[in-house]
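Okay, structure first, notes after.
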Amino acid sequence: MSSQPLTSSTTWSTLANDATFWPALAETLLPSYVNTCRWFAGKARHQAGFSIPVVHPLPLPGRTDEPDVAYLLILEARYTDGEPERYLLPVSFVADHTARELPFRLADIPDKGRIGEAVLGEYPGVLIDAIYDDRFRQALFTAIHTDQIIPQTDGQLVFNRGKGLEEGDGALPSRVLPVDSSNSAMVFGDKYFMKLYRKLFQETNPEVEMVAFLTEVGGFQHIPAFGGSIVWQRPETEITLGMVQRMVPNDKDSWMQTGDYLNDFLYAVPHRMFAIREDVFDRVELLGKRTGEMHCSLYKPDAEPEFAPEPFTDEYRNFIIRRLESLLERRYALLVDNYTKLDPLAQRQAWVFMEAKEMIDQFIDDFRTRPLSSLRIRIHGDYHLGQVLAAGSDFVIIDFEGEPESSISDRKIKHSPLKDVAGMIRSYHYAVSAKLFNSSETEGIDPAHLQRVSDRWFYLIRDTFLNAYLDQFGTPHPLFKNNSEVNFLLLVYLLEKAVYELGYEISYRPSWVKIPLKGIIDVIREIEKIRLSDMGHVEEIPMLQTGLLTDKSS
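Position 334 (the sequence shown) corresponds to 334 in full-length UniProt numbering; numbering is contiguous.
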């Protein structure tokens, strides 16, 4: 904390419209404090200063003779270049003379929750991040539970209650989860989870939209149910500040669980044995089923425009093509620049990828013009094994914010649900490849042999997942015209995903480059089959490698 206290002749509870205090806070205490916060994303940028354009007072429960308040500050960070960013910073004031009367101890607040000292009116005290104030947490939760609307100078704070918040749960003990992330997390009665979004965007958060839709409209049971939201409502936009969901007991995420299953497989490889336990297939089938059920719940032809299905328009195709072509151009350059750093197997794979450039370009052109009757819907958007919790004998799907690198508007773009499927397929491929190529148990084994063993495991698991997934839709289904379109679209999204992964691995984990390269090569082989099929050389093209899925409807 700063050693110099911030002073004002105004008392804390009447500061909302003070014209001098908030600029002084933004210029003195906040720059050093905010730059220590995990949620502040602008640390590496050249900062030009901070300001507080909006202050939302929130009454706190407690004494009626001397009502207290917290302020939800809209903090603006300005930079020497680029657009400014806005963040949510809730602030409470703990006055020295009343500290003992509070339901929490100042000594229990971590350093990251202490903004700085202040003297307000005649009272010295400490400004803190209000999430560490029990009264603030209770005020938020009660407001959601009772569907409150609190008018503000700039718009209003709207607290919406969802189906996941039960009657009688308006007052529960709460605590802050001790995790450092881009948002803040609080738990109420070990039954509800509240997330405050720190970085703000000029529209509703896609995660809140998705969780609310799946709970309130889709009736999907395998997510933490939507308990409510906090929205800053203005005439021109609605800005999401927070969300409540039910807490779900879980053992671990599916990435960790899949790693556990792979241990038996890993230990058998040095003995030239191939072993997959039957219950592994059962779990993969169940995840395929739950994924299909999620997408069926998102497919609502009569839904509001934000969720109504849409066709494959030229605008959408061009969006995907621009993104894919940009990715490819950058990845080709990265491979050329880093080729000598790759191991021999990765070098051979890189050559196959680069020599297939013309074929990939033709495949992209085909996506631009090929007639497609399948539909697009809102999807998870960042779907992988780490986003699925193993909850007893079942699964719970989490984190619907979408691709972290994408803008909020791009995260709301409708895609074929096969984009989520591609994400999960790539995740399974990573799970087995990382385990086999980076374990001491397989050290010294010929990489080509490891690749063959890895491929066998992956293809069996992938096809098990795909079959279970597609079984949820029936034939035909409006989302998928037929298996030919399923094949084609899945390859588009698999290519996009693997090419994206390649950039990260080249830059940060060169020894893992062979994993996305192998994924790209698998797609290239399937593109070859499609070209042969389109030329009439092959009567029927099987789904990917194993031919478990063939086109029976056209």
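We treat Cβ as the ideally placed atom computed from N, Cα and C, and that holds for glycine.
Near residue i, what residues of its chain come up, given a Cβ to Cβ distance below 6 Å and the 5 sequence neighbours on each side ignored?
{"i": "Ala225", "result": "Gly164, Thr215, Arg246"}
{"i": "Leu489", "result": "Ser416, Leu418"}
{"i": "Arg137", "result": "Ser174, Met186"}
{"i": "Glu496", "result": "Leu324"}
{"i": "Ile239", "result": "Leu200, Trp232"}
{"i": "Asn160", "result": "Gly228, Ser229"}
{"i": "Leu15", "result": "Phe21"}
{"i": "Gly547", "result": "Because Gly547 carries a pLDDT of 38, less than 50, the predicted location of this residue cannot be relied on, and no value is offered for it."}
{"i": "Gly113", "result": "Ile128, Asp129, Tyr132"}
{"i": "Arg45", "result": "Tyr79"}
{"i": "Arg509", "result": "none"}
{"i": "Gln545", "result": "In this prediction, Gln545 scores a pLDDT of 41, lower than 50, which makes its location untrustworthy; no coordinate-derived value is stated."}
{"i": "Tyr493", "result": "Leu418, Lys419, Ala422"}
{"i": "Asp399", "result": "Gln387"}
{"i": "Ser13", "result": "Val69"}
{"i": "Glu76", "result": "Ser51, Pro53, Pro84, Arg86"}
{"i": "Trp512", "result": "Glu505"}
So who's on the other strand from residue i, going by DSSP bridges?
{"i": "His477", "result": "Phe480"}
{"i": "Val388", "result": "Ile397"}
{"i": "Val231", "result": "Val158, Thr240"}
{"i": "His415", "result": "Ile377"}
Taking the continuous alpha helix (DSSP H) assigned at residue i, which residues delimit it?
{"i": "Glu216", "result": "206-216"}
{"i": "Ala143", "result": "134-145"}
{"i": "Met424", "result": "418-437"}
{"i": "Ala19", "result": "Neither: Ala19 is in no alpha helix (DSSP H) and is coded neither H nor E."}
{"i": "Ala350", "result": "344-355"}
Grab me the residues of residue i's own chain with a C-beta within less than 8 Å of its C-beta, minus the 5 sequence neighbours each way, in chain order.
{"i": "Met359", "result": "Ile524, Ile527, Glu528, Arg531"}
{"i": "Asp253", "result": "Leu385, Gly386, Gln387, Val388, Leu389, Ala390"}
{"i": "Pro404", "result": "Asp382"}
{"i": "Ser8", "result": "Leu15, Asp18, Thr20, Phe21, Ala24, Ala118, Val119, Leu120, Gly121"}
{"i": "Glu441", "result": "Leu266, Tyr267, Val269, Pro270"}
{"i": "Pro31", "result": "Gln47, Gly49, Phe50"}
{"i": "Leu286", "result": "Asp394, Phe395, Ala468"}
Within its chain, find whatever has a CB closer than 7 Å to the CB of residue i; leave out the 5 residues flanking it on each side and keep chain order.
{"i": "Gly259", "result": "Ala431, Lys435"}
{"i": "Gln349", "result": "Lys514, Leu517, Lys518, Ile521"}
{"i": "Leu60", "result": "Asp68, Val69, Ala70, Arg135, Phe136, Ala139"}
{"i": "Tyr339", "result": "Gln347, Ala350"}
{"i": "Val208", "result": "Ser229, Thr240, Met243"}
{"i": "Gln4", "result": "none"}
{"i": "Val248", "result": "Pro224, Leu389, Ala391, Val396"}
Helix, strand or coil for residue i? Go by DSSP, reduced to three states.
{"i": "Val280", "result": "helix"}
{"i": "residue 557", "result": "Here the chain has residues from 1 to 554 only, and residue 557 is not among them."}
{"i": "Leu375", "result": "strand"}
{"i": "Asp361", "result": "helix"}
{"i": "Arg531", "result": "helix"}
{"i": "Arg246", "result": "strand"}
{"i": "Pro5", "result": "strand"}
{"i": "Asp253", "result": "strand"}
{"i": "Tyr267", "result": "helix"}
{"i": "Met543", "result": "With a pLDDT of 44 at Met543, under the threshold of 50, the modelled position of this residue cannot be trusted, and the question is left open."}
{"i": "His449", "result": "helix"}
{"i": "Phe274", "result": "coil"}
{"i": "Glu329", "result": "helix"}
{"i": "Asp382", "result": "coil"}
{"i": "Glu27", "result": "helix"}
{"i": "Gly402", "result": "coil"}
{"i": "Ser407", "result": "coil"}
{"i": "Gly444", "result": "coil"}
{"i": "Arg456", "result": "helix"}
{"i": "Arg370", "result": "coil"}
Hey, is residue i's beta-carbon within less than 8 Å of any beta-carbon in chain B?
{"i": "Gln148", "result": "The structure shown contains no chain B, having only a single protein chain."}
- Message: I'd like the ranges of any alpha helix (DSSP H) spanning at least 4 consecutive residues and lying wholly in the stretch 148-228.
- Response: Fully enclosed alpha helix (DSSP H) runs of 4 or longer: 206-216.
- Message: Threshold first: 3 residues or longer. Then list the beta strand (DSSP E) segments lying entirely within the UniProt domain "Maltokinase N-terminal cap" (33-133), N to C.
- Response: List check, beta strand (DSSP E) in window: 47-60, 68-79, 85-95, 114-120, 123-129.
- Uninterrupted alpha helix (DSSP H) stretches inside the stretch 458-528 (no shorter than 4 residues): If we require 4 residues or more, the alpha helix (DSSP H) runs fully inside the stretch 458-528 come out as 483-508.
- Which runs of the alpha helix (DSSP H), 4 residues or longer, sit entirely within the stretch 288-321? Entirely contained in the stretch 288-321, not one alpha helix (DSSP H) run reaches 4 residues.
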